[in-house]
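Chemist: Take this structure, written in structure tokens, and hold onto it; I'll ask about it next.
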Amino acid sequence: MSSALRTRKPVLDTACADAVELAREAAVLAAPSAESVGEHLGVEPEDDRVASHLFACTDLAYRGWRWSVTVSRASRARAITVSEVTLLPGAEAVVAPAWVPWEERVRPGDLGPGDLLPTAPEDVRLQPGYTETGADADPATWWEPGIGRDRVLSIEGRTDAAERWYAGDHGPDTAIARSAPATCATCGFFVPLGGSLWQLFGVCANEMVPADGSVVSLDHGCGGHSEAAVEHKASPVEVVPAVDEETFDIVDVARTPAAAADQEADLAEGADEQLGHS
638 MSSALRTRKP
648 VLDTACADAV
658 ELAREAAVLA
668 APSAESVGEH
678 LGVEPEDDRV
688 ASHLFACTDL
698 AYRGWRWSVT
708 VSRASRARAI
718 TVSEVTLLPG
728 AEAVVAPAWV
738 PWEERVRPGD
748 LGPGDLLPTA
758 PEDVRLQPGY
768 TETGADADPA
778 TWWEPGIGRD
788 RVLSIEGRTD
798 AAERWYAGDH
808 GPDTAIARSA
818 PATCATCGFF
828 VPLGGSLWQL
838 FGVCANEMVP
848 ADGSVVSLDH
858 GCGGHSEAAV
868 EHKASPVEVV
878 PAVDEETFDI
888 VDVARTPAAA
898 ADQEADLAEG
908 ADEQLGHS
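For our numbering, add 637 to where a residue sits in the sequence shown, where the first one is 1.
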């Protein structure tokens, strides 16, 4: 069979296209009630002498769905037969999301108490560990390279973790890091990681900052840096009002002519009283 025959579009058969009433009767028989089958929406060719008639579904529980009735006829035959009746979702239909395998549905943060998250044997983030053979080997020397563990982080696993951490909330490209007085590399609360990741990451041990107990990059930073210095301004001194009753100031007071005349009269009267004049 040539590629032209395999890819050609089917031609709508006239007899199948005219079988609207036959298709409606079949849809009514399959529907819960005749009222569930609405207007005729069109007909689509499926194959040679095979077509599907579409009817609106008026059932409120299936808003946006369509009744699809497939009709066909044999070669050189005039009789039309119903092949299939089904309810199909339209563009506005509410349908369930596409099925996703469980291992792809689990997202960071989904794991809860009592949950188990198995790791696939072929997980590219892990690689086989090392086997300890010496009877007197010191655990402190072989634990970090992975001796005694079935699997350890592979290069892909370390790279994936490093990229995720560096681009996260405790990397250099955050608002708190850009406004920090210095980076974590010079902070006394910075605890370097072991292994190869120590070159770029550590753990914050400052309980007063958001990153406490989290992995931070060397070029991250925050206002809780151990060497952050704040310029302390002198506290304002409270000034207590003081009343001086021992000294006085001589103040020149401007007097009007009337006030001056009254004052002179008062002085003259006072002088007469001192001399005994009444």
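All C-beta atoms in this analysis are idealised placements derived from N, C-alpha and C, irrespective of residue type, glycine included.
Owing to the predicted nature of the structure, the values given are computational and were not obtained by experimental measurement.
So who's on the other strand from residue 721, going by DSSP bridges?
Modeler: Taking the first residue of the sequence shown as 1, we reach residue 721 at position 84. Paired residue(s): 707.
Chemist: Straight-line CA distance for residue 653 to residue 709?
Modeler: Residue 653 sits at position 16 when you count from the first residue of the sequence shown. Residue 709 sits at position 72 when you count from the first residue of the sequence shown. Using only the alpha carbons, I get a separation of about 6 Å.
Chemist: Would residue 918 and residue 862 be called neighbours here (beta carbons separated by less than 8 Å)?
Modeler: No information on residue 918 is available, as it lies outside the stretch 638 to 915 that the chain covers here.
Chemist: If you follow the alpha helix (DSSP H) that residue 788 is in, where does it begin and where does it stop?
Modeler: For the purposes of this step, residue 788 is taken as residue 151 along the sequence shown, with counting starting at 1. Per DSSP, residue 788 belongs to no alpha helix (DSSP H); it is in the beta strand (DSSP E), 788–790.
Chemist: Here's the rule I'm using: 16 or more other beta-carbon atoms within 10 Å means buried, otherwise exposed. How should residue 898 be labelled?
Modeler: Here residue 898 corresponds to residue number 261 of the sequence shown, with the count starting at 1. Classification for residue 898: exposed.
Chemist: Cα separation between residue 702 and residue 680?
Modeler: If you number the sequence shown from 1, residue 702 lands on position 65. If you number the sequence shown from 1, residue 680 lands on position 43. If you take the alpha carbons of residue 702 and residue 680, they lie about 15 Å apart.
Chemist: Determine the DSSP secondary structure at residue 854, reduced to helix, strand or coil.
Modeler: For the purposes of this step, residue 854 is taken as the residue at position 217 of the sequence shown. Looking at residue 854 - three-state DSSP - the assignment turns out to be strand.
Chemist: Would residue 638 be called buried (16 or more neighbouring beta carbons within 10 Å of its own) or exposed?
Modeler: The residue you call residue 638 lines up with position 1 of the sequence shown. Since pLDDT at residue 638 reaches only 48, below the 50 mark, its modelled position is unreliable, and the value read off the structure follows with that caveat. It is exposed - the Cβ of residue 638 has fewer than 16 other Cβ atoms within 10 Å.
Chemist: Hey, how far is the Cα of residue 834 from the Cα of residue 852?
Modeler: Here residue 834 corresponds to residue number 197 of the sequence shown, with the count starting at 1. Here residue 852 corresponds to residue number 215 of the sequence shown, with the count starting at 1. The alpha-carbon atoms of residue 834 and residue 852 are separated by roughly 11 Å.
Chemist: For the segment 840–860 against the segment 793–813, are there 3 or more C-beta pairs whose distance is under 8 Å?
Modeler: The segment 840–860, when compared against the segment 793–813, does touch it at the 8 Å Cβ threshold.
Chemist: With 16 other CB atoms within 10 Å as the buried threshold, where does residue 689 fall?
Modeler: In the sequence shown, the residue the question calls residue 689 occupies position 52. With 16 or more Cβ atoms within 10 Å of its Cβ, residue 689 is classed as buried.
Chemist: For residue 676 and residue 725, I'd like the C-alpha separation in whole angstroms.
Modeler: Here residue 676 corresponds to residue number 39 of the sequence shown, with the count starting at 1. Here residue 725 corresponds to residue number 88 of the sequence shown, with the count starting at 1. Residue 676 and residue 725: Cα-Cα distance of roughly 15 Å.
Chemist: List the residues that DSSP assigns as beta-bridge partners of residue 754.
Modeler: As a first step, residue 754 is located in the sequence shown; it is residue number 117 there, counting from the start. None; residue 754 has no bridge partner.
Chemist: Per DSSP, residue 681 is paired with what?
Modeler: The sequence position of residue 681 within the sequence shown is 44, counting from 1. Bridge partners of residue 681: 689.
Chemist: So residue 839 packs on residue 846, CB below 8 Å; how close in whole Å?
Modeler: Residue mapping note: residue 839 aligns to position 202 of the sequence shown, counting from 1. Residue mapping note: residue 846 aligns to position 209 of the sequence shown, counting from 1. The pair is not a contact, with the Cβ atoms about 14 Å apart (cut-off 8 Å).
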